[in-house]
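Peer 1:
There are 4 protein chains.
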Amino acid sequence: MSDYTEMGRKILKTQPFSQFLGTELDALAPGSVVLSLTVQDAFKQQHGFVHGGVLSYLADNALTFAGGTLLMNCVTSEYKINYLRPAIGNKLVAKAEVLSTGKRQAVCQCKIYAHQEGEEERLVAIAQGTIIKIEPKS
Amino acid sequence: MSDYTEMGRKILKTQPFSQFLGTELDALAPGSVVLSLTVQDAFKQQHGFVHGGVLSYLADNALTFAGGTLLMNCVTSEYKINYLRPAIGNKLVAKAEVLSTGKRQAVCQCKIYAHQEGEEERLVAIAQGTIIKIEPKS
Amino acid sequence: MSDYTEMGRKILKTQPFSQFLGTELDALAPGSVVLSLTVQDAFKQQHGFVHGGVLSYLADNALTFAGGTLLMNCVTSEYKINYLRPAIGNKLVAKAEVLSTGKRQAVCQCKIYAHQEGEEERLVAIAQGTIIKIEPKS
Amino acid sequence: MSDYTEMGRKILKTQPFSQFLGTELDALAPGSVVLSLTVQDAFKQQHGFVHGGVLSYLADNALTFAGGTLLMNCVTSEYKINYLRPAIGNKLVAKAEVLSTGKRQAVCQCKIYAHQEGEEERLVAIAQGTIIKIEPKS
Numbered sequence: 032m033s034d035y036t037e038m039g040r041k042i043l044k045t046q047p048f049s050q051f052l053g054t055e056l057d058a059l060a061p062g063s064v065v066l067s068l069t070v071q072d073a074f075k076q077q078h079g080f081v082h083g084g085v086l087s088y089l090a091d092n093a094l095t096f097a098g099g100t101l102l103m104n105c106v107t108s109e110y111k112i113n114y115l116r117p118a119i120g121n122k123l124v125a126k127a128e129v130l131s132t133g134k135r136q137a138v139c140q141c142k143i144y145a146h147q148e149g150e151e152e153r154l155v156a157i158a159q160g161t162i163i164k165i166e167p168k169s
Numbered sequence: 032m033s034d035y036t037e038m039g040r041k042i043l044k045t046q047p048f049s050q051f052l053g054t055e056l057d058a059l060a061p062g063s064v065v066l067s068l069t070v071q072d073a074f075k076q077q078h079g080f081v082h083g084g085v086l087s088y089l090a091d092n093a094l095t096f097a098g099g100t101l102l103m104n105c106v107t108s109e110y111k112i113n114y115l116r117p118a119i120g121n122k123l124v125a126k127a128e129v130l131s132t133g134k135r136q137a138v139c140q141c142k143i144y145a146h147q148e149g150e151e152e153r154l155v156a157i158a159q160g161t162i163i164k165i166e167p168k169s
Numbered sequence: 032m033s034d035y036t037e038m039g040r041k042i043l044k045t046q047p048f049s050q051f052l053g054t055e056l057d058a059l060a061p062g063s064v065v066l067s068l069t070v071q072d073a074f075k076q077q078h079g080f081v082h083g084g085v086l087s088y089l090a091d092n093a094l095t096f097a098g099g100t101l102l103m104n105c106v107t108s109e110y111k112i113n114y115l116r117p118a119i120g121n122k123l124v125a126k127a128e129v130l131s132t133g134k135r136q137a138v139c140q141c142k143i144y145a146h147q148e149g150e151e152e153r154l155v156a157i158a159q160g161t162i163i164k165i166e167p168k169s
Numbered sequence: 032m033s034d035y036t037e038m039g040r041k042i043l044k045t046q047p048f049s050q051f052l053g054t055e056l057d058a059l060a061p062g063s064v065v066l067s068l069t070v071q072d073a074f075k076q077q078h079g080f081v082h083g084g085v086l087s088y089l090a091d092n093a094l095t096f097a098g099g100t101l102l103m104n105c106v107t108s109e110y111k112i113n114y115l116r117p118a119i120g121n122k123l124v125a126k127a128e129v130l131s132t133g134k135r136q137a138v139c140q141c142k143i144y145a146h147q148e149g150e151e152e153r154l155v156a157i158a159q160g161t162i163i164k165i166e167p168k169s
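Chains as they are written, first to last, in my numbering: chain Z, 32 to 169; chain E, 32 to 169; chain D, 32 to 169; chain L, 32 to 169.
The following block contains the structure:
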């Protein structure tokens with residue numbers, strides 16, 4: 032496990048909402064991150080698919096972690112997400128990477144895959160967003 | 032309470048993730064909805080603000096409910112959200128409305144406000160997205 | 032004509048692309064702008080509707096002008112646009128307003144209407160985007 | 032030159048706005064397209080950079096062409112674009128590809144590069160959007 036990944040896991044543990052949902056950080060490197068989440072029945076919507084809000088949370092968080100490897104302290108300023116197909120399965124994996132970075136902001140992309148036992152992973156959502164550096168208050 | 036609001040509350044109760052978080056439906060009318068959520072400590076990120084993923088979930092759900100009043104069975108196809116300032120407070124209120132509608136899709140907007148006791152509500156996020164009608168399988 | 036409107040027209044005249052297309056500034060006030068464009072045959076796509084790129088240009092420019100009334104020197108950082116129906120007519124009108132503003136950025140919305148003689152104006156596109164302040168180089 | 036590329040060039044020639052600006056189609060294949068545009072002084076904004084509206088037009092058009100290789104008759108439903116840095120140079124190249132496709136829609140990504148003589152191309156904008164199939168009227 033890299034130092035980056037170790038550091039990322041420590042930060043993830045300080046996020047109450049990520050702990051609440053059970054998010055795990057699989058890998059972190061400069062400019063990229065992989066987050067995953069075991070799907071609980073409580074994460075679903077009325078048709079039995081994972082609720083879009085869970086996918087959105089995961090995309091938001093992955094975008095921020097990816098940008099954070101280059102910008103350090105940062106927040107998501109905005110993003111857009113396209114849902115591609117119903118998210119069915121027992122595990123979600125979010126892979127985010129920095130597409131472009133400047134001094135103050137990074138533009139990142141996140142792809143979310145749903146995993147179901149015995150089947151290939153399926154791409155279920157794609158997000159693009161802006162991460163901005165937070166200046167420490169003096 | 033209108034029939035619409037009553038119907039909306041029944042649908043909200045069939046969404047496990049909305050029940051998990053404790054979302055309430057305050058009002059539903061043709062083309063608009065108001066959802067609210069009591070903030071729990073578990074909803075926060077590492078700086079003590081409500082996690083963006085909670086705001087995103089709320090926006091996604093409100094957009095779908097607003098569009099659903101005109102399209103009936105529908106899902107969110109895509110949306111974008113701008114976070115405006117840290118979400119601080121004990122309650123979130125999401126107000127969504129349909130901006131334009133066609134046979135198959137509606138474009139909706141959602142504004143999310145954070146409420147803190149003794150203070151005026153503050154606009155913390157704005158989302159715009161596309162809701163698409165689901166055709167029943169024959 | 033307000034001083035704001037007069038100032039806005041002067042700035043618009045310094046934009047070669049806006050002059051190339053013939054954009055006019057109908058009104059400018061703190062937090063809002065109205066731009067319009069006479070549709071030329073050269074602005075169309077293969078089905079005879081105004082090309083989406085013309086609507087996008089107009090949205091982008093209107094978002095920047097609206098934000099610029101509060102932030103002064105600024106650029107569009109990002110935006111999203113939903114096309115609602117084919118843009119048919121001889122005139123386009125873009126109405127943009129600031130939805131939220133901070134020290135460094137403003138989030139704005141733009142609605143674009145198509146006008147055809149003898150008919151009511153029709154909403155053809157809606158955009159939401161982030162305008163950021165440019166710091167002068169010292 | 033492939034049959035695809037030849038077909039794409041014929042379609043591009045039927046778009047008055049693309050002819051007006053001088054857009055060229057460099058390559059078209061199932062799921063991807065490369066468009067390019069020679070920068071004219073008339074395409075600039077007041078600071079001497081290419082106007083965001085030109086980049087937006089190019090992104091919009093490239094997204095539609097990429098989606099069109101799989102969906103046939105289609106239009107851009109919506110997209111978002113992030114501007115990354117000032118677009119400086121004498122040529123713009125837009126490379127778009129389909130990220131995911133279904134029966135009725137495709138989600139595509141477009142990267143726009145600015146070329147300046149004697150320098151490496153620079154990524155100046157990234158867009159993500161939804162292309163939807165148009166059903167022929169019977």
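We put the CB at the ideal spot given by N, CA and C, even for glycine.
#1: Just curious, the beta strand (DSSP E) that leucine 59 of chain L is in, first and last residue?
#2: Pop quiz: phenylalanine 96 of chain Z and alanine 73 of chain E are said to be a contact at Cβ under 8 Å. What is the actual Cβ separation, rounded to whole angstroms?
#3: Report yes if the CB atom of tyrosine 144 of chain L is closer than 9 Å to the CB atom of tyrosine 88 of chain D, and no otherwise.
#4: Counting contacts by CB-CB distance shorter than 9 Å, is glutamine 71 of chain E in contact with chain D?
#5: Which residue from L:Lys122, L:Glu151 and L:Ala93 puts its Cα closest to that of alanine 137 of chain L?
#6: Relative to the alpha-carbon of threonine 45 of chain D, which residue among L:Tyr110, L:Gln77, L:Ala125 and L:Ile157 has its alpha-carbon at the smallest distance?
#7: Of all the residues that make up the segment 130-153 of chain Z, which are near chain D by a beta-carbon distance shorter than 7 Å?
#8: Can you list, in chain order, the stretches of the beta strand (DSSP E) that have 3 or more residues and sit fully within the segment 61-137 of chain L?
#9: Looking at the structure shown, is threonine 36 of chain Z part of a helix, part of a strand, or coil, going by DSSP?
#10: If you check the beta carbons only, do glutamine 159 of chain L and glycine 120 of chain L fall under 9 Å apart?
#11: Taking CB distances under 9 Å as the criterion, tell me whether glutamate 128 of chain L reaches chain E.
#12: Do you know offhand how far tyrosine 110 of chain E's Cα is from threonine 161 of chain E's?
#13: Would you kindly work out how many angstroms separate the C-alpha atoms of serine 108 of chain D and isoleucine 112 of chain L, rounded to a whole number?
#14: Can you look up isoleucine 42 of chain D in the DSSP assignment and give me helix, strand or coil?
#15: Does any residue of chain D bring its CB to less than 9 Å from the CB of serine 108 of chain Z?
#16: Which residue wins for smallest C-alpha separation from leucine 115 of chain Z, given the options L:Cys139, L:Gly99 and L:Cys105?
#17: Looking at chain D, which residues of the segment 93-122 of chain E have a Cβ within less than 8 Å of any of its Cβ atoms?
#18: Closest Cβ-Cβ distance between threonine 45 of chain Z and chain E: below 9 Å?
#19: For isoleucine 162 of chain Z, which residues does DSSP report across the bridge?
#20: Can you pull the DSSP bridge partners for leucine 154 of chain Z?
#21: Under 9 Å between C-beta atoms, does threonine 161 of chain E make it to chain L?
#22: Using a Cβ cut-off of 9 Å (strictly closer), state whether lysine 75 of chain D contacts chain L.
#23: Please list, in chain order, all residues of the same chain as serine 131 of chain D whose beta carbon is under 8 Å from its beta carbon, the five residues on each side excluded.
#24: Any heavy atom of the ligand NAD inside 8 Å of the beta-carbon of glutamate 128 of chain D?
#25: Tell me which same chain residues have a C-beta within less than 6 Å of the C-beta of glycine 39 of chain E, skipping the five on either side of it?
#26: Could you tell me the distance, in whole angstroms, from the CA atom of alanine 90 of chain E to the CA atom of leucine 86 of chain Z?
#27: Which residue wins for smallest C-alpha separation from glycine 99 of chain D, given the options D:Glu151, D:Val129 and D:Phe80?
#28: Are the C-beta of valine 85 of chain Z and some C-beta of chain E separated by less than 9 Å?
#29: Going straight from the alpha carbon of alanine 156 of chain E to that of lysine 122 of chain L, what length do you get?
#30: Have a look at D:Gly133, D:Leu43 and D:Asp34 and flag the residue whose alpha-carbon is nearest the alpha-carbon of threonine 54 of chain D.
#31: Excluding sequence positions up to five away, which residues of its chain have a Cβ less than 7 Å from the Cβ of threonine 36 of chain E?
#32: For isoleucine 165 of chain D, return the contacting residues in chain E, with the cut-off set at a CB-CB distance below 7 Å.
#33: Flag serine 67 of chain E as yes if its beta-carbon sits less than 9 Å from any beta-carbon of chain Z, otherwise no.
#34: Just to confirm, are valine 106 of chain E and glycine 79 of chain Z a CB contact at a threshold of 9 Å?
#35: Hey, is tyrosine 35 of chain L's beta-carbon within less than 9 Å of any beta-carbon in chain D?
Peer 2: The relevant details are as follows:
#1: As a first step, residue 59 of chain L is located in the fourth sequence; it is residue number 28 there, counting from the start. Where leucine 59 of chain L is concerned, the enclosing beta strand (DSSP E) stretches over 55-60.
#2: Taking the first sequence and counting its residues from 1, the one referred to as residue 96 of chain Z is at position 65. Taking the second sequence and counting its residues from 1, the one referred to as residue 73 of chain E is at position 42. The Cβ separation is near 20 Å, so there is no contact.
#3: Numbered from its first residue, the fourth sequence carries residue 144 of chain L at position 113. Numbered from its first residue, the third sequence carries residue 88 of chain D at position 57. No; because the gap between Cβ atoms is not below 9 Å, this pair is not in contact.
#4: Translated into the one-based positions of the second sequence, residue 71 of chain E becomes position 40. Taking Cβ atoms only, chain D never reaches closer than 9 Å to glutamine 71 of chain E, which makes this a no.
#5: The residue you call residue 137 of chain L lines up with position 106 of the fourth sequence. When each option's Cα is compared against that of alanine 137 of chain L, the closest is L:Ala93.
#6: Position 14 of the third sequence holds residue 45 of chain D. The residue with the shortest Cα to Cα distance from threonine 45 of chain D is L:Gln77.
#7: Residues: none.
#8: Within the segment 61-137 of chain L, the complete beta strand (DSSP E) runs of at least 3 residues are 63-69, 105-114 and 122-132.
#9: The count along the first sequence starts at 1 and reaches residue 36 of chain Z at position 5. In this structure, threonine 36 of chain Z counts as helix in the three-state DSSP scheme.
#10: Translated into the one-based positions of the fourth sequence, residue 159 of chain L becomes position 128. Translated into the one-based positions of the fourth sequence, residue 120 of chain L becomes position 89. Against a cut-off of 9 Å, the Cβ pair of glycine 120 of chain L and glutamine 159 of chain L comes out as no contact.
#11: Position 97 of the fourth sequence, counting from 1, holds the residue named residue 128 of chain L. Residue contact with chain E for glutamate 128 of chain L: absent (no Cβ-Cβ distance below 9 Å to any residue of chain E).
#12: For this step, residue 110 of chain E is matched to residue 79 along the second sequence. For this step, residue 161 of chain E is matched to residue 130 along the second sequence. About 6 Å.
#13: Counted from its first residue, the third sequence places residue 108 of chain D at position 77. Counted from its first residue, the fourth sequence places residue 112 of chain L at position 81. The straight-line gap from Cα to Cα measures roughly 9 Å.
#14: Within the third sequence, numbered from 1, the residue matching residue 42 of chain D stands at position 11. Reduced to three states, the DSSP call for isoleucine 42 of chain D is helix.
#15: Indexing the first sequence from 1 puts residue 108 of chain Z at position 77. Chain D, which has a Cβ nearer than 9 Å to the Cβ of serine 108 of chain Z, makes this yes.
#16: Working through the first sequence from its first residue, we reach residue 115 of chain Z at position 84. Residue L:Cys139 is the option with its Cα nearest to leucine 115 of chain Z.
#17: Lys111, Asn113, Leu115 and Arg116
#18: Counting from 1 along the first sequence, the entry for residue 45 of chain Z is found at position 14. Interface residue, yes.
#19: Stepping through the first sequence from its first residue, residue 162 of chain Z is reached at position 131. Answer is Z:Thr107 and Z:Ala137, bridged to isoleucine 162 of chain Z.
#20: Against the first sequence, residue 154 of chain Z aligns to sequence position 123. According to DSSP, which records beta bridges pairwise, leucine 154 of chain Z is partnered with Z:Tyr144.
#21: For this step, residue 161 of chain E is matched to residue 130 along the second sequence. Yes, threonine 161 of chain E counts as interfacial toward chain L.
#22: Looking up residue 75 of chain D in the third sequence gives position 44. For lysine 75 of chain D, the answer is yes, since a Cβ of chain L falls inside 9 Å of its Cβ.
#23: Start at 1 with the first residue of the third sequence, and residue 131 of chain D comes out as number 100. Within the same chain, and ignoring the five residues on either side of serine 131 of chain D in sequence, the residues whose Cβ sits closer than 8 Å to its Cβ are Ala137 and Val138.
#24: The ligand NAD is absent from the structure shown, which contains no ligands of any kind.
#25: Here residue 39 of chain E is taken as the residue at index 8 of the second sequence, counted from 1. Closer than 6 Å at the Cβ level, and outside the excluded window around glycine 39 of chain E, lie Leu56 and Leu59.
#26: Taking the first residue of the second sequence as position 1, residue 90 of chain E is located at position 59. Taking the first residue of the first sequence as position 1, residue 86 of chain Z is located at position 55. Alanine 90 of chain E and leucine 86 of chain Z: Cα-Cα distance of roughly 13 Å.
#27: Residue mapping note: residue 99 of chain D aligns to position 68 of the third sequence, counting from 1. Nearest option by C-alpha distance: D:Val129.
#28: Within the first sequence, the letter at position 54 stands for residue 85 of chain Z. Under the Cβ distance rule, valine 85 of chain Z counts among the residues neighbouring chain E, one pair being separated by less than 9 Å.
#29: Taking the second sequence and counting its residues from 1, one reaches residue 156 of chain E at position 125. Taking the fourth sequence and counting its residues from 1, one reaches residue 122 of chain L at position 91. Their backbone Cα atoms lie some 37 Å apart in a straight line.
#30: Counting from one through the third sequence, the residue named residue 54 of chain D turns up at place 23. Of the candidates D:Gly133, D:Leu43 and D:Asp34, the one whose C-alpha sits nearest the C-alpha of threonine 54 of chain D is D:Leu43.
#31: Against the second sequence, residue 36 of chain E aligns to sequence position 5. Within the same chain, threonine 36 of chain E has close Cβ partners Leu56, Ala58 and Leu59.
#32: Along the third sequence, one-based indexing puts residue 165 of chain D at 134. Residues of chain E passing the Cβ test: none, with the nearest at roughly 19 Å.
#33: Stepping through the second sequence from its first residue, residue 67 of chain E is reached at position 36. Chain Z has no Cβ within less than 9 Å of the Cβ of serine 67 of chain E.
#34: Here the question's residue 106 of chain E lines up with position 75 in the second sequence. Here the question's residue 79 of chain Z lines up with position 48 in the first sequence. Not a contact, by the Cβ cut-off of 9 Å.
#35: In the fourth sequence, counting from the first residue as 1, residue 35 of chain L sits at position 4. So, not an interface residue.
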